[in-house]
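Report on one structure; see the data block that follows.
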Amino acid sequence: MNRHDPIRHPPSAGSQALAPIQDYLVEIHERVSKIAGGAPADYIPELGKVDPNLFGIAIATVDGQIYSVGDALVPFTIQSVSKPFMYGYALQHHGRAHVLKHVGVEPTGEAFNSIVLDDAANRPFNPMVNAGAIAVAEMMKGETQDQRIANMIELFSSLAGRKLEIDDAVFESERATGHRNRAIAYMMLNTAMIEQDPEQVLDLYFRQCAMNVTACDLAVMAATLANDGTNPITDHKIFDTQYVRDVLTVMNSCGMYDYAGEWAYEVGMPAKSGVSGCIIAAIPGQIGICVYAPPIDRQGNSVRGISVCRDISREFQLHAFYNHTNVRSVLRRDYRADVVRSNRLRTLEERTLLAEEGRKIAVLEAQGALFFGSTEQLLRKLNALAQNSKYVIVDFKRVHHADSAASKLIVRTVRAMAGGDTDLVFASIDNDRPLDGLIRALAETKEGHGLRQFRDTDAALEWCEDRLLAGVGSTAGTKFALHQINLFDGLTAGERKLVEGIVRPLVFEKGDVIMRAGDPAKLFFVLARGTVSVEIKLHGEGGRYKRVASIGPGLTFGEMALLDCGTRSADVIANERVVCYGLGVEELHELAKEHPNVMITILGNLTREFSERLRHANEEISVLE
Numbered sequence: 001m002n003r004h005d006p007i008r009h010p011p012s013a014g015s016q017a018l019a020p021i022q023d024y025l026v027e028i029h030e031r032v033s034k035i036a037g038g039a040p041a042d043y044i045p046e047l048g049k050v051d052p053n054l055f056g057i058a059i060a061t062v063d064g065q066i067y068s069v070g071d072a073l074v075p076f077t078i079q080s081v082s083k084p085f086m087y088g089y090a091l092q093h094h095g096r097a098h099v100l101k102h103v104g105v106e107p108t109g110e111a112f113n114s115i116v117l118d119d120a121a122n123r124p125f126n127p128m129v130n131a132g133a134i135a136v137a138e139m140m141k142g143e144t145q146d147q148r149i150a151n152m153i154e155l156f157s158s159l160a161g162r163k164l165e166i167d168d169a170v171f172e173s174e175r176a177t178g179h180r181n182r183a184i185a186y187m188m189l190n191t192a193m194i195e196q197d198p199e200q201v202l203d204l205y206f207r208q209c210a211m212n213v214t215a216c217d218l219a220v221m222a223a224t225l226a227n228d229g230t231n232p233i234t235d236h237k238i239f240d241t242q243y244v245r246d247v248l249t250v251m252n253s254c255g256m257y258d259y260a261g262e263w264a265y266e267v268g269m270p271a272k273s274g275v276s277g278c279i280i281a282a283i284p285g286q287i288g289i290c291v292y293a294p295p296i297d298r299q300g301n302s303v304r305g306i307s308v309c310r311d312i313s314r315e316f317q318l319h320a321f322y323n324h325t326n327v328r329s330v331l332r333r334d335y336r337a338d339v340v341r342s343n344r345l346r347t348l349e350e351r352t353l354l355a356e357e358g359r360k361i362a363v364l365e366a367q368g369a370l371f372f373g374s375t376e377q378l379l380r381k382l383n384a385l386a387q388n389s390k391y392v393i394v395d396f397k398r399v400h401h402a403d404s405a406a407s408k409l410i411v412r413t414v415r416a417m418a419g420g421d422t423d424l425v426f427a428s429i430d431n432d433r434p435l436d437g438l439i440r441a442l443a444e445t446k447e448g449h450g451l452r453q454f455r456d457t458d459a460a461l462e463w464c465e466d467r468l469l470a471g472v473g474s475t476a477g478t479k480f481a482l483h484q485i486n487l488f489d490g491l492t493a494g495e496r497k498l499v500e501g502i503v504r505p506l507v508f509e510k511g512d513v514i515m516r517a518g519d520p521a522k523l524f525f526v527l528a529r530g531t532v533s534v535e536i537k538l539h540g541e542g543g544r545y546k547r548v549a550s551i552g553p554g555l556t557f558g559e560m561a562l563l564d565c566g567t568r569s570a571d572v573i574a575n576e577r578v579v580c581y582g583l584g585v586e587e588l589h590e591l592a593k594e595h596p597n598v599m600i601t602i603l604g605n606l607t608r609e610f611s612e613r614l615r616h617a618n619e620e621i622s623v624l625e
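In terms of the working numbering, the numbers along the sequence shown are unbroken and rise by one, the last being 625.
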């Protein structure tokens, strides 16, 4: 979405669509609208003229969905809610060390407009009080005042996802009555906390406070903080994640002025209030909230805004210290390859060996988010499996996030296991964008660079099985003689000779389509050398194909043609140079007229093969359920 496009909204409350959050907002709006108390701020004359009955609520999710109710699209001036965003800008453009020289991060317990500095460093206590915000305003880049104003407007427009403007009447009203802020600015000039002309710094500060926004705008801006600094509507990265942490930390401790302690105790969400009657809150990784209701209490906070945020926090357990995380949930399941095998179709000899030796291959499925605690659980389980395994496959298919702590722990594990008795194998991380950090961390080490990684667990299992079979003396490989093919077990030497008479030797190069879905089934094939993949087209996935099986020497494919003579149900593609035998279905039926035992034996072998596959599939399902 372009930043100037209108904001998206959910179905109205009267819609038949299922909208539980929207319905909840309607309910809480109706309930809280009955709360009286407070009055619009009148020390800025323009703010005193606002309709006290205005009341809007908006919630924006980190994937860009917006829910709103009431006067959520009525414009008002942002006032002090501008402070965390200007602080984020200062951190982004000047760095933590520079900003800390001019503004601290300690709560004051004082009113937002107190004329007081830190005695030790002569700097404002934090960027959420006026003194700190004025010092931060000086950090807006630009060679001229016009450039600084333009850059400031650009910042807030990018945060809201649309072009914002300054309310000139409110700006003029603030400039005309902002004598206390002038006293603060000149005091900081005296202590070298600001260096520019105080009147120009104040001009920018008054303008930032007079920026016109709506509750929906501020919900998106709060959701940008909840989304690690990326606007969920435009996907524009505005703040680095490290600085979002700093902004949210200061909001949590200082955002509600001398009400901050009680807010943290009761509501527990990083928040910022403004005297225009708005409150924003950000729940990292989830949502941004804005409530707009002009009547404020003696501490400068919206009366209805506090009530709404308190109710939302309690109703949905959004308090920062309400622990939603169960690190044990990272372990989805684990299993062994003696029970759950790859989709590679195997000969009887190979299946027997895997039944005996497959426990040496373990698969561990992870899920959810990987951070320090959950990764520790994952790696502890991995270590336990490695004690009696030759191969351990870790499947990341259902992992949606891995932070830097997780990446560091996993890289340490890869290093520790490199060259050991157990081979570590990773699956499903190649093209998974949320795991880019983990992929980069692995690529930066020689052990990680050499780690076996596969597109999915099936491919990883097949590779481990092949290695295991090779290590235990499997004779699988090229099979040219019919007596080596399971399908022809039980045929006499004479009957095999008759079958050989109708065999067509065929050679296919890598990538050749041997069978195509929808084609008439006139042949079935016996694989003598190489491997092939069986693929089906997924419905509704943009023409994407999925491999459902691979087949090696000594096995058959296309054999359903013997039963129904219908059309092919899948594509079969050569993985490498392939040598196989093609047997015509009509020729085999003709041969069986004079030699019925040929067809009886072949169909009997097919039935046993299908039965064995079905039995094993049932065993796998019982393990994977």
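Every residue, glycine too, gets a C-beta built ideally from N, C-alpha and C.
Quick one: residues in its chain with C-beta nearer than 8 Å to the C-beta of residue i, no 5 flanking neighbours on either side, listed in chain order?
| i | result |
| --- | --- |
| S173 | I44, P45, E46 and L47 |
| D71 | L54, F55, G56, A215 and Y292 |
| K381 | L331, D334 and L364 |
| E195 | E138 and L189 |
By DSSP's criteria, residue i is part of a beta bridge. Which residues make up the other side?
| i | result |
| --- | --- |
| I312 | DSSP, once it has assigned bridges, lists no residue as partnering I312. |
| L527 | C580 |
| E535 | R547 and D571 |
| Q453 | F426 |
| G274 | C278 |
| D334 | L364 |
| Y391 | I361 and D423 |
| A402 | L370 |
| T230 | K237 |
| I283 | I287 |
| M515 | V572 |
Please classify residue i as buried or exposed, where buried requires at least 16 other C-beta atoms within 10 Å of its C-beta.
| i | result |
| --- | --- |
| H102 | buried |
| C580 | buried |
| N190 | exposed |
| L91 | buried |
| C278 | buried |
| I600 | exposed |
| N252 | buried |
| P520 | exposed |
| R433 | exposed |
Quick one: residues in its chain with C-beta nearer than 6 Å to the C-beta of residue i, no 5 flanking neighbours on either side, listed in chain order?
| i | result |
| --- | --- |
| V303 | G37, G38, P295 and D297 |
| A60 | I66, A219, V220, A223 and G288 |
| E165 | N212 |
| D395 | E365, A427, S428 and T457 |
| S80 | G274 |
| L506 | C580 and G582 |
| V534 | V548, A549, A570 and V572 |
| V291 | I57, I279, G305 and V308 |
Let me check understanding here. Comparing Cα to Cα, which of the options lies closest to residue i?
| i | options | result |
| --- | --- | --- |
| E30 | R96, F55 and A549 | F55 |
| G554 | H539, C565, L527 and D571 | L527 |
| K141 | M128, Y87 and A131 | Y87 |
| I551 | N575, L563, G566 and H539 | N575 |
| A137 | Y205, G448 and Y391 | Y205 |
| G95 | A72, E27 and Y243 | Y243 |
| T556 | V472, L370, N486 and A282 | N486 |
| K237 | R440, L614, G161 and I35 | G161 |
| A416 | H400, D436 and A386 | A386 |
| W263 | D436, C309 and E447 | C309 |
| Y257 | S276, D235, P232 and N301 | N301 |
| R412 | L469, K390, F372 and H400 | F372 |
| A183 | T144, C565, L409 and V201 | V201 |
| N227 | G261, P124 and Q286 | Q286 |
| G437 | E154, R608 and L370 | L370 |
| R496 | H595, G255, A135 and L378 | H595 |
Just to confirm my understanding: we take residue i, look at its own chain, exclude 5 residues before and 5 after, and list those with CB closer than 7 Å. What are they?
| i | result |
| --- | --- |
| Y186 | P198 |
| S611 | none |
| D679 | Since the first residue of the chain shown is 1 and the last is 625, residue 679 is not available in this structure. |
| L248 | L225, P270, A282 and P284 |
| S374 | V327, V330 and G368 |
| F508 | I514, A574 and V578 |
So, does the CB of residue i fall closer than 8 Å to a CB anywhere in chain D?
| i | result |
| --- | --- |
| Y335 | In the displayed structure, chain D is absent; only one protein chain is listed. |
request  = Starting from the N-terminal side, write out each stretch of the alpha helix (DSSP H) that is 4 residues or longer and does not extend beyond the segment 336-385.
outcome  = Counting whole runs of 4 or more residues, the segment 336-385 contains the alpha helix (DSSP H) stretches 348-357.
task = Could I get the ranges of all uninterrupted alpha helix (DSSP H) runs contained in the segment 13-75, with 4 residues as the minimum, in chain order?
result = The DSSP assignment places complete alpha helix (DSSP H) segments of no fewer than 4 residues inside the segment 13-75 at 20-32 and 45-48, in order along the chain.
query = What are the uninterrupted segments assigned as beta strand (DSSP E) that are 3 or more residues long and contained completely in the segment 165-227, given in chain order?
reply = With a minimum length of 3 residues, no continuous beta strand (DSSP E) run stays inside the segment 165-227.
key: Sequence ranges, alpha helix (DSSP H) only - wholly within the segment 590-615, length at least 4   = If we require 4 residues or more, the segment 590-615 turns out to have no alpha helix (DSSP H) run fully inside it.
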